[in-house]
């Protein structure tokens with residue numbers, strides 16, 4: 142069951158539009174990708190801090206560790222290349238929120254939401270200042286984001302989101318149908334909620350720029366260095382022994398920023414690997430741009446449980462992703478899952494939103510795995526007598542918040558008692574997902590229930606039960 146209104150003509154437009162789309166990530170296939178960094182080949186190389194994962198969490202951890210203590214010897218390992226995972230495959234929306242949106246934060250940590258929002262604003266300022274300080278050219282701009290209602294029963298959700306943000310001092314606006322259409326010309330848009338504090342970025346260039354910034358501070362990054370195991374060295378120096386397929390690293394402290402790829406067994410129960418899919422169009426002509434308006438280049442999303450996110454790039458393409466959140470038994474992660482019928486569904490939805498763009502071609506189609514938790518926000522913790530810290534589970538909203546999550550992980554790895562580590566969000570764990578096969582059955586039932594709610598506007602008994610115990614499913 143699909144809760145999204147698909148126009149009959151959109152199916153044929155989608156078939157034509159997808160005919161020549163390349164099955165690869167647009168962002169990471171651009172010109173200007175740095176040369177491959179050498180894998181770790183040393184045996185028993187010693188360092189102060191090892192970071193596993195060269196995505197946003199790992200790179201921000203490396204940068205902030207060196208900013209705090211330039212004398213630290215910091216090494217980053219990645220099984221692939223910088224930005225190969227979720228960090229380089231996403232839509233590039235930079236939301237300041239640390240709590241996967243204000244509603245989730247208010248619902249889950251009402252007593253701490255003031256502190257969390259203040260930390261979010263401070264982190265967002267630091268995020269932007271870092272891009273300026275290190276000269277990172279990643280096409281960052283701040284056009285805001287509009288959440289659109291496309292069916293009548295989402296109008297109230299849009300209004301409530303506006304009222305909540307306004308009550309907490311957000312720079313927001315509620316758009317009427319006429320105002321929404323004036324900004325972006327779609328026959329489906331009914332009302333809109335504009336949040337002016339959401340930015341957009343080229344995520345791959347951001348990752349590449351962060352890696353170069355880290356290296357400028359003396360961090361060593363080894364790509365193509367898959368971690369095959371690690372263990373507590375115990376007595377003597379007590380270093381953590383990290384084994385890769387080509388070398389060995391001895392680290393006094395370790396930060397894990399591996400996203401959906403589990404390195405510690407204990408995180409497997411809390412993090413669900415969910416596939417998200419994305420399309421990118423060819424550049425629009427001036428005539429096509431005139432047909433849709435969108436002169437403000439705002440990021441867009443629709444208000445359903447199963448939602449799309451879409452944006453204009455600075456070279457006038459349209460990125461369009463989301464809606465389907467696919468989980469594969471038993472938590473399978475495989476490159477063959479990156480191409481999916483979800484792309485066809487996305488294309489049909491695209492041409493239902495913008496029927497005037499019939500004839501536009503998609504140049505790229507890709508997918509990737511997202512690390513999601515039952516409360517949608519990251520999980521933090523330590524292992525191996527506190528020497529190993531982790532920050533995982535950003536649930537698709539980590540482009541900005543990973544900087545803060547990396548700082549929390551550093552606090553934990555070095556045993557620091559800070560305002561951040563005293564937060565309930567950091568000290569508590571999300572409710573774990575059940576083991577298989579109950580996990581897969583639960584995911585299927587939840588997805589079907591969310592789709593039905595998008596159609597009917599009514600939350601069924603299953604979803605109300607999950608709400609009561611604090612379990613959610615999102616991407």
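Residue numbers (this note's numbering): 142 to 616. Beta carbons: idealized from backbone N, C-alpha and C, even for Gly. All values derive from a computational prediction rather than experimental measurement.
Rounded Cβ spacing between residue i and residue j (contact assumed at less than 8 Å)
| i | j | result |
| --- | --- | --- |
| residue 232 | residue 452 | 6 Å |
| residue 264 | residue 544 | 6 Å |
| residue 222 | residue 177 | 7 Å |
| residue 503 | residue 488 | 7 Å |
| residue 420 | residue 491 | 7 Å |
| residue 392 | residue 188 | 5 Å |
Identified DSSP bridge partners for residue i
| i | result |
| --- | --- |
| residue 416 | 467, 510 |
| residue 282 | 341 |
| residue 367 | According to DSSP, which records beta bridges pairwise, residue 367 is partnered with nothing at all. |
| residue 421 | 460, 505 |
| residue 394 | 190 |
| residue 333 | 289, 316 |
| residue 234 | 341 |
| residue 154 | Residue 154 is not bridged to any residue. |
| residue 450 | 442, 462 |
| residue 384 | 370, 389 |
| residue 361 | 216 |
| residue 523 | 530 |
| residue 325 | 434 |
| residue 163 | 505 |
Residue i versus the options, residue with shortest Cα-Cα distance
| i | options | result |
| --- | --- | --- |
| residue 329 | 188, 444, 426 | 444 |
| residue 367 | 321, 403, 603, 241 | 403 |
| residue 356 | 215, 245, 298 | 215 |
| residue 552 | 527, 196, 188, 334 | 527 |
| residue 410 | 298, 248, 217, 520 | 520 |
| residue 595 | 464, 365, 284, 499 | 464 |
| residue 476 | 298, 584, 417 | 417 |
| residue 531 | 599, 194, 161, 386 | 194 |
| residue 254 | 184, 397, 309 | 309 |
| residue 424 | 500, 481, 298, 268 | 500 |
| residue 474 | 440, 496, 458, 511 | 511 |
| residue 468 | 426, 522, 584 | 584 |
| residue 541 | 342, 151, 213 | 342 |
| residue 447 | 292, 157, 190, 158 | 292 |
| residue 303 | 347, 243, 359 | 243 |
| residue 190 | 550, 565, 413 | 550 |
| residue 257 | 592, 570, 566, 523 | 566 |
| residue 340 | 266, 590, 546 | 266 |
| residue 203 | 345, 318, 153, 359 | 359 |
| residue 158 | 349, 603, 486 | 486 |
| residue 325 | 577, 294, 353, 286 | 286 |
| residue 175 | 428, 315, 435, 347 | 347 |
| residue 167 | 323, 274, 345 | 345 |
| residue 609 | 152, 572, 588, 579 | 572 |
Buried versus exposed, by CB contacts within 10 Å (16 or more), residue i
| i | result |
| --- | --- |
| residue 554 | buried |
| residue 431 | exposed |
| residue 169 | buried |
| residue 261 | buried |
| residue 582 | exposed |
| residue 245 | buried |
| residue 597 | exposed |
| residue 611 | exposed |
| residue 184 | exposed |
| residue 557 | exposed |
| residue 599 | exposed |
| residue 207 | buried |
| residue 240 | buried |
| residue 161 | exposed |
| residue 150 | exposed |
| residue 318 | exposed |
| residue 590 | buried |
| residue 436 | exposed |
| residue 386 | exposed |
| residue 607 | buried |
| residue 225 | buried |
Contact under 7 Å by Cβ, residue i with residue j
| i | j | result |
| --- | --- | --- |
| residue 455 | residue 236 | no |
| residue 130 | residue 371 | With the chain covering only 142 through 616, there is no way to say anything about residue 130. |
| residue 515 | residue 147 | no |
| residue 200 | residue 388 | no |
| residue 296 | residue 249 | no |
| residue 196 | residue 398 | yes |
| residue 422 | residue 394 | no |
| residue 172 | residue 400 | no |
| residue 412 | residue 533 | yes |
| residue 561 | residue 205 | no |
| residue 613 | residue 517 | yes |
| residue 234 | residue 288 | no |
Heavy atom of the ligand ATP within 6 Å of residue i beta-carbon
| i | result |
| --- | --- |
| residue 397 | Questions concerning the ligand ATP fall outside what the structure shown contains, since it holds no ligand whatsoever. |
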